[in-house]
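Reviewing the structure listed below.
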């Protein structure tokens, strides 16, 4: 009798469990489909690196034969000094580092007196508006280089895309650029110039 009762209870419990499970709703969530990736209508421009200035290997003959207006009247040309190493210093009266560099370069110039080295200083200023400033600069600074005005085209060629002043160019007797640099290095610019001149002289003899 007891066994019959237990079996009846188990049967009722099982039927209730099945009924409860059959009525339960199982919900499933579907992930919303992702939208396709499209390029923006107004894409940002790509960043590009500026191309570095190409190295100035030599000064073209057309520029070597170009008249340069001298500060003390008259003209001269780079081609007026065949067989010589030519040092070109690009400067300006408003340039503070130029004022510091000139005395060091003057010592180098004096050490090469009587040798095949020509020292030329070209200012990038406009002679029509900068004459007074340049004259004042030269009264305050002893600058024994051959001095002239670099016109816009000459300055653009010699500076070769570098906007800094001062700049220095050392050219051997074959018009090849041996060294070119921008800026002034305290107590080192003179040594650097001397070493570059010696290198140019060796190239001249080869």
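Numbering (our numbering), first residue to last: 7 to 212. A virtual CB, placed ideally from N, CA and C, is assigned to each residue, including glycine. Please read these numbers as outputs of a predicted model, since none were measured by experiment.
Assigned with DSSP and collapsed to three states, residue 70 falls in helix.
For residue 188, the enclosing beta strand (DSSP E) stretches over residues 183-188. DSSP places residue 163 outside any beta strand (DSSP E); the residue lies instead in the alpha helix (DSSP H), whose first and last residues are 158-165. Below 8 Å, too few C-beta pairs join the stretch 171-179 and the stretch 135-149 to call them touching: fewer than three. When C-alpha distances from residue 186 are compared across 193, 168, 134, 194, the shortest belongs to 168.
Distances from the alpha-carbon of residue 125 to those of 157, 83, 135 put 83 closest. Distances from the CA of residue 149 to each of 88, 130, 113, 91 were compared; the closest alpha carbon is that of 113.
Residue burial is scored here from C-beta neighbours: residue 152 has at least 16 other C-beta atoms within 10 angstroms and is therefore classed as buried.
Residue 152 sits in a strand when the DSSP states are folded into three classes. Of the other Cβ atoms in all chains shown, fewer than 16 fall within 10 Å of the Cβ of residue 201; this residue is therefore exposed.
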